[in-house]
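J.:
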Amino acid sequence: MNPFTPFESPIAVLPVDNIDTDQIIPARFLKTTTKEGLGKAVFSDWRYDAAGQPRPDFALNQGVARGAQVLVAGDNFGCGSSREHAPWALTDFGFRAVVSTSFADIFFGNALKNGLLPIKVSPEVHAKLVGQGSGAEVKVDLEAQTLTLADGTAIEFPVDPFSKRCMLMGVDELGYLQQFESEIARFEGGRTAPYDTRSVL
Amino acid sequence: MALRTLYDKIWDEHIVAQRDGEPALLYIDLHLAHEVTSPQAFDGLRTRGLKVRRPDRTIATIDHSIPTTDRSLPITDPIAAKQIEQLRTNCREFGVPLCGPGSGHQGVVHVFSPELGLVQPGMTLVCGDSHTATHGAFGVLAFGIGTSQVEMVLATQCLLQKRSRNMKVEVTGRLRPGVTAKDIILALIAKIGVGGGTGAVIEYGGEAIRSLSMEGRMTISNMTIEAGARSGLIAPDEVTFEYLKGRRFAPQGADWDAAVAKWKTLVSDEGAHFDEIVTLDGSALEPMITFGTNPAMGIPVTAAIPDPANLSGVEREGLIKALEYMGMEGGKPILGRPVDVVFVGSCTNGRIEDLRDAASILKGRKVNPKVRTLIVPGSEVVKKEAEAEGLDRIFVEAGAEWREPGCSMCLAMNGDMIQPGETCVATSNRNFEGRQGPGGRTLLASPLTAAASAVAGTVADPRSFA
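Residue numbers (the numbering used here), protein chains in the order written: chain A, 1 to 201; chain B, 1001 to 1466.
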């Protein structure tokens, strides 16, 4: 994961509530064994018609949304399955942040682990962004925890200090966990394993 | 000592370490793996030069991508075949036991593991699958994780976690005939919404929950994630102990008695604090069915489809969008709506009791000839049990297809899918747009309602088939 640096970008607005991970990346694309290349399938069933042609009315197919690194989506974004393919697909497509009034838990955690910043804003700020529409410029600064709108208003957003540090430094949680080897070993020493799953074979 | 909920107790018991201002290290007792969300995690281990820390606390099966057709034939989808082969390679290389087809145990990851007695009260359990919540039915803190976390658990047997809020759902009264666990959970999600449990761990209680079998309880816990909550616990009781006794990995002899004594302490203390309490009158419930594109869009099967005219703002827009996708009209009854496909199976309703329910309707009846009906057992164990009871013959004689175990048409990644515009009454857990195939329309319901609809050829009330 690369360190998360401040950036400016136009937004792409997709103001639909409860966008589930089956819309972000349909299950038939999950047969891959790598993380790469999923961007071409992001929102596949909304982006393309049955003949594989782009639907002109879909937000991401419109010229004003081109190059957007910030997706503005409706409430409860990322509900449904735990597939990490959802943030992989969004980042592979080019997104670095998603703005919503709320996120589903598993998606929220998965996004943070993949350099995709979930930005939670108030319904008022959300309505303002939706009103401005795709193409409006914003600035994202994780260090300052601010989302700056086109008119210069800086909106603060919450992020837990631990995830923030990991994202800013570009380090992952596994490295952190490994520092606890002796604590884990001690914990395991104090417990008897209930069984050995390998005896199933 | 402070009063604690069941969740608090399991949490406290599994904290390895916690530094100030940082998330806690939660120890994981059992890790379930499958072919879809694990390959990138095993690759990560290779890249970092790590091994699986506790293969004895890890077990894998193949469920999502595997065809449910004749197992003696090769897998025709080369990408699915490669993914499955990759899991075999990874399990071999890292020493993880794999219950593949023909092992006698292969099945949907959340069906095969309780059957083996691997899931025991008080444990922590994770899997790269959101329906891991299923195992909460045993009083287990069980939740779905992403692939990065699969890698973390493989490497360290721990996860970084923040404590969730405590939510209690009390389902009072006794269910009426024709009403099942599936109807309880669909009614609850309709009541609290798809985000109603976000950030929470739910504990289910009340007479209606206590009266359920383990299969029914698993159906409830399974769909907890559809209300946004990570995990849905049910305190263990005699029903739980009875289910576990004698299973392959359950404690034996004196160990069994000691285990039961410990498990009996796994209840929320009287007066323990819940951040939110929701009550549902179980005796007033009717068979439920969904009409829209998320699991909260559910109504009693006898009710009318909600009319957007009665709503305003984003709710109205959301309903209009859903009804348009589903080809439905607000204000009209859902009963009698034509059905093209019926799917009985999945981690929600692919257990023996679910198949018995479906068979109770299909026995001596015929599936409507225009309805394609798939009955997919949740595991090889369920399949064998159903065949021993003669359920397979009931299904086949009724004109349904009796398949091999797997996730199948729940998420349509193994080739079992519905066609654009088709309507499927499914016993699975998600009715998202395209979930069962692009353009497909899913109505979630119980095995009873699904089987009744297969016979009628339209959405039907199972109580009229009693």
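We put the beta carbon where it would ideally sit given N, CA and C, even for glycine.
Just so you know, these numbers come straight off a predicted model, no measurement behind them.
So that I know if they touch, is there some Cβ in chain B lying closer than 9 Å to that of Lys120 of chain A?
T.: Closer than 9 Å: no.
J.: Of all the options B:Ile1028, B:Pro1055 and B:Ala1309, which has the alpha carbon lying nearest to the alpha carbon of Lys1332 of chain B?
T.: The residue with the shortest Cα to Cα distance from Lys1332 of chain B is B:Ala1309.
J.: According to DSSP, Tyr1027 of chain B sits in a beta bridge with which residue or residues?
T.: B:Cys1158.
J.: Run through chain B and tell me which residues come within less than 9 Å of Ser100 of chain A, C-beta to C-beta.
T.: Within chain B, no residue comes near Ser100 of chain A; the closest Cβ sits about 11 Å away, beyond 9 Å.
J.: Does any residue of chain B bring its CB to less than 9 Å from the CB of Lys164 of chain A?
T.: Judged by the 9 Å Cβ criterion, Lys164 of chain A is not in contact with chain B.
J.: Could you give the DSSP three-state label for Val1371 of chain B: helix, strand or coil?
T.: Val1371 of chain B: coil per DSSP, three-state reduction.
J.: For a cutoff of 9 Å on Cβ pairs, would you count Pro161 of chain A as touching chain B?
T.: Yes - at least one Cβ of chain B is within 9 Å of the one on Pro161 of chain A.
J.: For a test of the three-state rule: what should DSSP assign to Cys1407 of chain B, helix, strand or coil?
T.: Here Cys1407 of chain B sits in coil by DSSP.
J.: Quick check on Arg186 of chain A: buried or exposed, where buried means 16 or more other Cβ atoms within 10 Å of its Cβ?
T.: Answer is exposed; the Cβ neighbour count stays below 16.
J.: Thinking C-alpha only, which one of B:Leu1355, B:Thr1293 and B:Ile1352 is nearest Met1328 of chain B?
T.: Measuring from the Cα of Met1328 of chain B, the nearest candidate turns out to be B:Thr1293.
J.: To the nearest angstrom, how far is the alpha carbon of Phe255 of chain A from that of Leu1323 of chain B?
T.: Residue 255 of chain A is absent from the model: chain A starts at 1 and stops at 201.
J.: With 9 Å set as the bound, which would you pick, yes or no: does the beta-carbon of Val1344 of chain B sit closer than that to a beta-carbon of chain A?
T.: For Val1344 of chain B, the answer is no, since every Cβ of chain A falls outside 9 Å of its Cβ.
J.: Using a 10 Å radius around the Cβ and a threshold of 16 neighbouring Cβ atoms, would you call Met169 of chain A buried or exposed?
T.: Met169 of chain A is exposed by the Cβ-count criterion.
J.: Suppose the cutoff is 6 Å on Cβ atoms and the five residues either side in sequence are ignored; what does the same chain contact list for Glu1170 of chain B look like?
T.: Around Glu1170 of chain B: Gly1205, Gly1206 and Thr1279.
J.: So what does Lys1168 of chain B bridge to, in DSSP terms?
T.: Answer by DSSP bridge pairing, in chain order: B:Glu1203 and B:Ile1277.
J.: Can you list the alpha helix (DSSP H) stretches of 4 or more residues lying completely in the segment 5 to 67 of chain A, in chain order?
T.: The qualifying runs are 21 to 24 and 44 to 47.
J.: Just to confirm before moving on: does the CB-CB distance between Gly1178 of chain B and Ala1466 of chain B stay below 9 Å?
T.: In this structure, Ala1466 of chain B lies closer than 9 Å to Gly1178 of chain B by Cβ.
J.: Against chain A, does Val1108 of chain B count as a neighbour if the rule is that its beta carbon must be under 9 Å from one of theirs?
T.: It does not; no Cβ of chain A falls within 9 Å.
J.: To be precise: take each residue of the segment 31 to 51 of chain A, compare its Cβ to all Cβ atoms of chain B, and keep it if any distance is under 7 Å. Which residues remain?
T.: Those residues of the segment 31 to 51 of chain A that come within reach of chain B (Cβ to Cβ, closer than 7 Å) are Lys31, Thr33, Thr34, Lys35, Asp45 and Ala50.
J.: Beta carbons nearer than 8 Å to chain B: which residues of the segment 106 to 119 of chain A have them?
T.: Here the close residues are Ile106, Gly109, Asn110, Lys113 and Asn114.
J.: Determine, for Ile184 of chain A, whether the minimum Cβ-Cβ distance to residues of chain B falls below 9 Å.
T.: Chain B contact via Cβ: present.
J.: Using Cβ-Cβ distances below 7 Å, what residues of the segment 135 to 160 of chain A are close to chain B?
T.: Listed by position, the residues of the segment 135 to 160 of chain A near chain B (Cβ gap below 7 Å) amount to none.
J.: Can you find the residues in the same chain that come closer than 7 Å, C-beta to C-beta, to Thr21 of chain A, ignoring five residues on each side of it along the sequence?
T.: So the list reads Gly78, Gly80, Ser81, Arg83, Ala86 and Phe107, once near-sequence residues are dropped.
J.: Could you pull out every residue in the same chain whose Cβ sits closer than 6 Å to the Cβ of Gly202 of chain A, ignoring the five residues on either side in sequence?
T.: As shown, chain A starts at 1 and ends at 201. That puts residue 202 of chain A outside it, with no answer to give.
J.: Under 8 Å, with one C-beta from each stretch per pair, do the segment 1171 to 1190 of chain B and the segment 1246 to 1263 of chain B reach the 3-pair mark?
T.: No: the two stretches stay apart, fewer than three of their Cβ pairs being nearer than 8 Å.
J.: Among B:Val1201, B:Arg1217, B:Leu1154 and B:Ile1192, which residue has its Cα nearest to the Cα of Ala1181 of chain B?
T.: Of the listed residues, the one whose Cα sits closest to Ala1181 of chain B is B:Arg1217.
J.: Taking only beta carbons into account, state which residues of the segment 1055 to 1080 of chain B come closer than 8 Å to chain A, listed in chain order.
T.: Within the segment 1055 to 1080 of chain B, the residues whose Cβ lies closer than 8 Å to some Cβ of chain A are Pro1055, Asp1056, Arg1057, Thr1058, Ile1059, His1064, Ser1065, Asp1077, Ile1079 and Ala1080, listed in chain order.
J.: Out of A:Leu201, A:Arg55, A:Arg198 and A:Thr148, which one is the CA nearest neighbour of Pro6 of chain A?
T.: With distances taken between Cα atoms, Pro6 of chain A lies closest to A:Thr148.
J.: Taking the Cβ atom as the reference point for each residue, do Leu14 of chain A and Gly74 of chain A lie within a distance shorter than 9 Å?
T.: In this structure, Gly74 of chain A lies closer than 9 Å to Leu14 of chain A by Cβ.
J.: Mind listing the chain B neighbours of Asp17 of chain A? Cutoff is C-beta to C-beta under 8 Å, in chain order.
T.: By Cβ distance, chain B contributes Val1314 and Gly1318.
J.: So Ile25 of chain A packs on Ala89 of chain A, CB below 8 Å; how close in whole Å?
T.: Contact holds; Cβ gap of about 4 Å.
J.: For a test of the three-state rule: what should DSSP assign to Val72 of chain A, helix, strand or coil?
T.: Val72 of chain A falls in the strand class under three-state DSSP.
J.: Under 9 Å between the Cβ atoms of Asn76 of chain A and Ala104 of chain A?
T.: Contact: yes.
J.: Against Ala1412 of chain B, what residues of chain A qualify as contacts under a CB-to-CB distance less than 8 Å, listed in chain order?
T.: Those are Ala27 and Arg28, listed as they occur along chain A.
J.: Pull up the distance between the alpha-carbon of Phe162 of chain A and that of Ala1155 of chain B, whole angstroms please.
T.: Whole-angstrom Cα-Cα distance: 20 Å.
J.: Is Thr1156 of chain B close to chain A, meaning its C-beta is less than 9 Å from at least one C-beta of that chain?
T.: Chain A, which has a Cβ nearer than 9 Å to the Cβ of Thr1156 of chain B, makes this yes.
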